[in-house]
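**Q** Residues in the sequence shown are numbered consecutively from 4, following the numbering used here. Take a look at the following structure, please.
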Amino acid sequence: MISIKFNFIVLFFAVFLTAQAFSLHSAFASDSSVYNLELKKWKIYNDGTHSMETTTGLNNALQWAKTNGKTTFKVPSGTYLIAAGKRINMVSNMVLELDKNAIFQKEKNSLEIYDVIYMGSDVKNAIVRGGTLRGDRDTHDYSKKGLYTGGTHEWGYGINISGAENVIVENMKIEKMTGDGIFIGGVTIAGSYITTPFLEQGSLDENGKPIPAKGKIRSVGRTQTNFDNKAYKTHRNVHMWLPKGLTSDTYDICYYRSNNSFISCEKERKAYFIGSNIPDGADYFRVVFNASSVKNVNVNRMTIDNSKNIIIQNNDIGYNRRQGITAGGEEVQILNNKIHHTRGTAPMSGIDIEPGFFPAINHLIKGNEFNANKIQIVLAYGEGAIIEDNNFIRGDVPGHVGVHIHEDYQRSTVNNNKFDGSGLTLLPQNIKATGNSFKNAQVKLLGGNIEFDNATLIDTSLTLGEKAGTKATNINITLSGTNKEGALYLGKKTALLKNVTITGASAANSIIFGYGSDDNIYENLVIDNDGKQKTLLTSGKYYNCTLDTAGLSISRSGKYSLDDCDITGKNSLLNVENMYGDKMEVIVQNSNFVLTDKIGYAAAVYVLGTDKINFLNNTFTANQLSAASTPFMKFGPYGYPKLTKIFNVVVKENTFQTNLAVSGIHTSNAGTDSAPYVIENNTLYNAKLDLKSNDSNKNNKLLLN
Numbered sequence: 004m005i006s007i008k009f010n011f012i013v014l015f016f017a018v019f020l021t022a023q024a025f026s027l028h029s030a031f032a033s034d035s036s037v038y039n040l041e042l043k044k045w046k047i048y049n050d051g052t053h054s055m056e057t058t059t060g061l062n063n064a065l066q067w068a069k070t071n072g073k074t075t076f077k078v079p080s081g082t083y084l085i086a087a088g089k090r091i092n093m094v095s096n097m098v099l100e101l102d103k104n105a106i107f108q109k110e111k112n113s114l115e116i117y118d119v120i121y122m123g124s125d126v127k128n129a130i131v132r133g134g135t136l137r138g139d140r141d142t143h144d145y146s147k148k149g150l151y152t153g154g155t156h157e158w159g160y161g162i163n164i165s166g167a168e169n170v171i172v173e174n175m176k177i178e179k180m181t182g183d184g185i186f187i188g189g190v191t192i193a194g195s196y197i198t199t200p201f202l203e204q205g206s207l208d209e210n211g212k213p214i215p216a217k218g219k220i221r222s223v224g225r226t227q228t229n230f231d232n233k234a235y236k237t238h239r240n241v242h243m244w245l246p247k248g249l250t251s252d253t254y255d256i257c258y259y260r261s262n263n264s265f266i267s268c269e270k271e272r273k274a275y276f277i278g279s280n281i282p283d284g285a286d287y288f289r290v291v292f293n294a295s296s297v298k299n300v301n302v303n304r305m306t307i308d309n310s311k312n313i314i315i316q317n318n319d320i321g322y323n324r325r326q327g328i329t330a331g332g333e334e335v336q337i338l339n340n341k342i343h344h345t346r347g348t349a350p351m352s353g354i355d356i357e358p359g360f361f362p363a364i365n366h367l368i369k370g371n372e373f374n375a376n377k378i379q380i381v382l383a384y385g386e387g388a389i390i391e392d393n394n395f396i397r398g399d400v401p402g403h404v405g406v407h408i409h410e411d412y413q414r415s416t417v418n419n420n421k422f423d424g425s426g427l428t429l430l431p432q433n434i435k436a437t438g439n440s441f442k443n444a445q446v447k448l449l450g451g452n453i454e455f456d457n458a459t460l461i462d463t464s465l466t467l468g469e470k471a472g473t474k475a476t477n478i479n480i481t482l483s484g485t486n487k488e489g490a491l492y493l494g495k496k497t498a499l500l501k502n503v504t505i506t507g508a509s510a511a512n513s514i515i516f517g518y519g520s521d522d523n524i525y526e527n528l529v530i531d532n533d534g535k536q537k538t539l540l541t542s543g544k545y546y547n548c549t550l551d552t553a554g555l556s557i558s559r560s561g562k563y564s565l566d567d568c569d570i571t572g573k574n575s576l577l578n579v580e581n582m583y584g585d586k587m588e589v590i591v592q593n594s595n596f597v598l599t600d601k602i603g604y605a606a607a608v609y610v611l612g613t614d615k616i617n618f619l620n621n622t623f624t625a626n627q628l629s630a631a632s633t634p635f636m637k638f639g640p641y642g643y644p645k646l647t648k649i650f651n652v653v654v655k656e657n658t659f660q661t662n663l664a665v666s667g668i669h670t671s672n673a674g675t676d677s678a679p680y681v682i683e684n685n686t687l688y689n690a691k692l693d694l695k696s697n698d699s700n701k702n703n704k705l706l707l708n
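Written out as structure tokens, the structure is:
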């Protein structure tokens, strides 16, 4: 639907809406036609009584004000009871301004669906500000069940914006609705059913010409796909709803003039979520669905009026039962609101971009505070969201979810937010998240090609590598010992980690968990926990790493490379054992190993099983040893000799520095069938060699300090 680049859209979107807001405010502010509501004239009560008279009077007064050229409608303080089956119908070109002590109170009722204020497709250029909208949540009768509504009572709205344009809602308190504080969506305008008689086998090429294609069906004629309805002069869109008999919910659509000449095609539209704009001059369209047969196919072709250019700002939206805001529509800004304590019936989100069948396109969610919602934000489907400069506070909410972006949501960024007890889960492809901070949370980068940059994580775990191409750069993780998930979890797909620093220890048994990929790159990885916790390495290539832990462990299959790393441990440095059966290869080169205390169990570097292991041009230092009985580097287990599990060993051009004459390189118990190991050109200060008879022992130097 939108073909220009996302960054340009974002800039245009923000500037356009800001200009809209300024223009709308200025127009109303410069107009002196202000109407101060006269209660007696319209038989309106502000004492919380006479709901029908009050609601009718408010609507009549609004219509009168519009007809008589008024542009600001002021409501004095008091409580106005809005009748159970009625609502306030907003009018165009009007500011509805409630006194700060004015309350629109929804009358106690048993309805599953209601609104306090409604803005339909006939409303344009409207501002609602000030006062309080209060639902009947605390007194509502939830026992009634409609024929088609299911008895959930989840559609009681404070403000229902369905198809309106150029709307601002600001400086209000909206609370205790049985459904949503604010709903933003659309309305249906026209439609028809595309069924079996209007379909045939085949597809359309990029020029709209019929072509044979297996698994594809296309519309024929123009009976069900024309634009004869006069509604199309205003509403230039086509959507596909409620598809039946298809193998996929994606479709292609091509447009033609009345003389059957081709105009254009749009590919890979998505039923429900992504419609198509009708180009100028189009008289009808043809559509291609995914199906093996035309039999029993039924798709509802619809045209809608969606809400556009909506600003929700500086409001307090709390204690609503289903959502703080359900945010559909197009070009929507949600700015500087407090959205809190949304609980009662699912989903219970602060903001949920999930507006039924209506598209959700280009939402800016900025500067808001989210507190104690069951879900802070969920983006279920749509495209083009920016989430930035928000503050997410968990509150005491069992089963809490922070920001969750579903895989059906396209093009979004998450920047400069603060997450306290609220996590972040990203499932789509190609998301960028930068400048965010997290405390007591989880970050899950589950989509592909995600860019996660410049983040601070306190007692927060980071998961990536479930799909290929994720990049995590310039990340600082601080653990206080309470985090139970460790710092990093790596899936099996390719990922890049660069400039990642992990400080402290967790309550888990490792800083790192998971698998990794042979093509993973870990550049400038720093782990500093003063030897308090062991670290499992996941497969991949480590460059210029600095690791101060209670010992490194390599236990899963895969290829591991450590190059130009500084590795420090108190009693252990590295333990290598293939515990899962598949091939393992390890190369350690150009690195510096320092043991700061005595050697713990078995050896400082202990190799029990691998298909290949090379130590090349490293330095190994241990100047705090208290006994010489434990080897520094040992290949093979203690006890009786067994068949070897260690193959292709090269220890070459390394330097060992120990304060006692320990066994610097110990291979004598590597296994009864061990092939020759290459032990060459090493220099050992004080340490000794304890090698198998068949090892290649060449040019090794044994020196004393």
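Glycine included, each C-beta is placed from N, C-alpha and C at the ideal position.
(1) At what residues does the alpha helix (DSSP H) containing W45 begin and finish?
(2) In angstroms with no decimal places, state the Cα-to-Cα distance between T599 and N662.
(3) Taking DSSP's pairing of strands, which residues face F635 in a bridge?
(4) Please state if the CB of F292 and the CB of S251 are separated by a distance shorter than 9 Å.
(5) Give the straight-line distance between the Cα atoms of G189 and S509, rounded to the nearest whole angstrom.
(6) Assign A458 to one of three DSSP states: helix, strand, or coil.
(7) With DSSP as the reference, label G584 as helix, strand or coil.
(8) Roughly how far, in whole angstroms, is the beta-carbon of A285 from the beta-carbon of Y254, given that I think they are within contact range, below 8 Å?
(9) Measuring straight from C-alpha to C-alpha, what distance separates T571 and F361?
(10) Note down the Cα distance separating F288 from K369, rounded to an integer number of angstroms.
(11) Express the C-alpha separation of E454 and R414 in angstroms, rounding to a whole number.
(12) Which residues in the same chain as L646 place their Cβ atom closer than 8 Å to its Cβ, once the five residues preceding and following it in sequence are excluded?
(13) Is the beta carbon of F659 sitting closer than 9 Å to the one on T624?
(14) Under the DSSP definition of a beta bridge, which residues are partnered with W158?
(15) Following the continuous alpha helix (DSSP H) through M55, name the residue where it begins and the one where it ends.
(16) On the DSSP bridge list, what partners appear for P213?
(17) Which value, in whole angstroms, describes the spacing of the CA atoms of K691 and T552?
(18) Got a sec, what are the start and stop residues for the beta strand (DSSP E) L663 sits in?
(19) DSSP three-state call for T181: helix, strand or coil?
(20) For a minimum of 4 consecutive residues, which ranges assigned as the alpha helix (DSSP H) are wholly contained in the region 311-366?
(21) Residues bridged to A86 by DSSP?
(22) Ignore the nearest five residues each way along the sequence and tell me which others in P215's own chain have a CB closer than 8 Å to its CB.
(23) Within its chain, find whatever has a CB closer than 7 Å to the CB of G194; leave out the 5 residues flanking it on each side and keep chain order.
(24) Tell me which residue opens and which closes the beta strand (DSSP E) that K615 is part of.
(25) S222 to D231, Cα distance in whole Å?
(26) How is the beta strand (DSSP E) around G519 delimited, first residue to last?
(27) Considering only residues of the same chain and omitting the five flanking positions on each side of L577, which have a CB-CB separation below 6 Å?
(28) Nearest by alpha-carbon distance to N657: which of P644, N621, S671 is it?
(29) Based on DSSP bridge pairs, tell me the residues matched to H669.
(30) Might you give, ordered along the chain, the residues of its own chain that have their beta carbon closer than 8 Å to the beta carbon of R726, omitting 5 neighbours on each side?
(31) In this structure, what does DSSP give as the bridge partners for T571?
(32) Ends of the beta strand (DSSP E) at G507?
(33) Excluding the five sequence neighbours on either side, which residues of its own chain have a C-beta within less than 6 Å of the C-beta of V126, listed in chain order?
(34) I'd like the list of long-range same chain contacts for L705, defined as Cβ closer than 6 Å, with 5 residues on each side in sequence excluded.
(35) Report the residue from L114, L61, F373 whose alpha carbon sits nearest the alpha carbon of I47.
(36) Which complete beta strand (DSSP E) runs does the region 364-404 hold, if anything under 3 residues is left out?
**A** With the given structure in hand:
(1) On the sequence shown, position 42 is the one that residue 45 refers to. That residue, W45, is in no alpha helix (DSSP H); it is neither H nor E in DSSP.
(2) As a working mapping, residue 599 is identified with position 596 in the sequence shown. As a working mapping, residue 662 is identified with position 659 in the sequence shown. For T599 and N662, the distance between alpha carbons rounds to 12 Å.
(3) Walking along the sequence shown from the start, residue 635 turns up at place 632. Answer by DSSP bridge pairing: none, since F635 is not bridged.
(4) On the sequence shown, residue 251 is found 248 positions in, with the first residue counted as 1. On the sequence shown, residue 292 is found 289 positions in, with the first residue counted as 1. By the CB criterion at 9 Å, S251 and F292 fall inside the cutoff.
(5) By one-based count along the sequence shown, residue 189 stands at place 186. By one-based count along the sequence shown, residue 509 stands at place 506. Straight-line Cα distance between these residues: approximately 48 Å.
(6) Against the sequence shown, residue 458 aligns to sequence position 455. Reduced to three states, the DSSP call for A458 is strand.
(7) Stepping through the sequence shown from its first residue, residue 584 is reached at position 581. Annotated three-state conformation of G584 is coil, per DSSP.
(8) Counting from one through the sequence shown, the residue named residue 285 turns up at place 282. Counting from one through the sequence shown, the residue named residue 254 turns up at place 251. At roughly 17 Å, the Cβ-Cβ gap does not stay under 8 Å, so A285 and Y254 are not in contact.
(9) As a working mapping, residue 571 is identified with position 568 in the sequence shown. As a working mapping, residue 361 is identified with position 358 in the sequence shown. Their backbone Cα atoms lie some 57 Å apart in a straight line.
(10) The sequence position of residue 288 within the sequence shown is 285, counting from 1. The sequence position of residue 369 within the sequence shown is 366, counting from 1. Straight-line Cα distance between these residues: approximately 39 Å.
(11) If you number the sequence shown from 1, residue 414 lands on position 411. If you number the sequence shown from 1, residue 454 lands on position 451. Whole-angstrom Cα-Cα distance: 12 Å.
(12) Start at 1 with the first residue of the sequence shown, and residue 646 comes out as number 643. If we look at L646 and ignore the five residues flanking it on each side, its Cβ neighbours are G674, T675, D676.
(13) For the purposes of this step, residue 659 is taken as residue 656 along the sequence shown, with counting starting at 1. For the purposes of this step, residue 624 is taken as residue 621 along the sequence shown, with counting starting at 1. Cβ atoms of F659 and T624: closer than 9 Å.
(14) In the sequence shown, residue 158 corresponds to position 155, counting from 1. I116.
(15) Counting from 1 along the sequence shown, the entry for residue 55 is found at position 52. 54-70 is the extent of the alpha helix (DSSP H) around M55.
(16) For the purposes of this step, residue 213 is taken as residue 210 along the sequence shown, with counting starting at 1. P213 pairs with L207.
(17) Translated into the one-based positions of the sequence shown, residue 691 becomes position 688. Translated into the one-based positions of the sequence shown, residue 552 becomes position 549. Cα to Cα, K691 sits roughly 26 Å from T552.
(18) By one-based count along the sequence shown, residue 663 stands at place 660. Taken as a continuous stretch (DSSP letters only), L663 belongs to no beta strand (DSSP E), as it is neither H nor E.
(19) On the sequence shown, position 178 is the one that residue 181 refers to. It is coil, neither helix nor strand.
(20) Here no run is fully enclosed.
(21) Locating residue 86 in the sequence shown gives position 83, counting from the first residue. DSSP output for A86 lists no bridge partner at all.
(22) Position 212 of the sequence shown, counting from 1, holds the residue named residue 215. Correct list, in chain order: Q204, G205, S206.
(23) For the purposes of this step, residue 194 is taken as the residue at position 191 of the sequence shown. Scanning its chain for C-beta atoms nearer than 7 Å, with the 5 sequence neighbours on each side dropped, one finds around G194 the residues N303, R304, M305, T306, in chain order.
(24) Residue mapping note: residue 615 aligns to position 612 of the sequence shown, counting from 1. 615-619 is the span of the beta strand (DSSP E), which, as asked, contains K615.
(25) Stepping through the sequence shown from its first residue, residue 222 is reached at position 219. Stepping through the sequence shown from its first residue, residue 231 is reached at position 228. Near 17 Å, if we compare the C-alpha coordinates of D231 and S222.
(26) In the sequence shown, counting from the first residue as 1, residue 519 sits at position 516. Where G519 is concerned, the enclosing beta strand (DSSP E) stretches over 519-526.
(27) For the purposes of this step, residue 577 is identified with residue 574 of the sequence shown, where counting begins at 1. Once the five neighbours on either side are set aside, the close Cβ partners of L577 are L555, V608.
(28) Translated into the one-based positions of the sequence shown, residue 657 becomes position 654. Comparing Cα positions, the closest option is N621.
(29) Counting from 1 along the sequence shown, the entry for residue 669 is found at position 666. BP columns for H669 point to K637, D693.
(30) The displayed coordinates of the chain run from 4 to 708. Any statement about residue 726 would go beyond what the structure contains.
(31) By one-based count along the sequence shown, residue 571 stands at place 568. Its beta-bridge partners are D551, V597.
(32) Against the sequence shown, residue 507 aligns to sequence position 504. Run containing G507: 498-508, per the beta strand (DSSP E) assignment.
(33) What you label residue 126 is simply residue 123 of the sequence shown in a count that begins at 1. Counting only Cβ-Cβ distances below 6 Å, and skipping sequence neighbours, we find M93, S95, A167.
(34) Here the question's residue 705 lines up with position 702 in the sequence shown. Same-chain partners within the cutoff: L687.
(35) For this step, residue 47 is matched to residue 44 along the sequence shown. With distances taken between Cα atoms, I47 lies closest to L61.
(36) 372-374, 378-382, 385-391, 394-396
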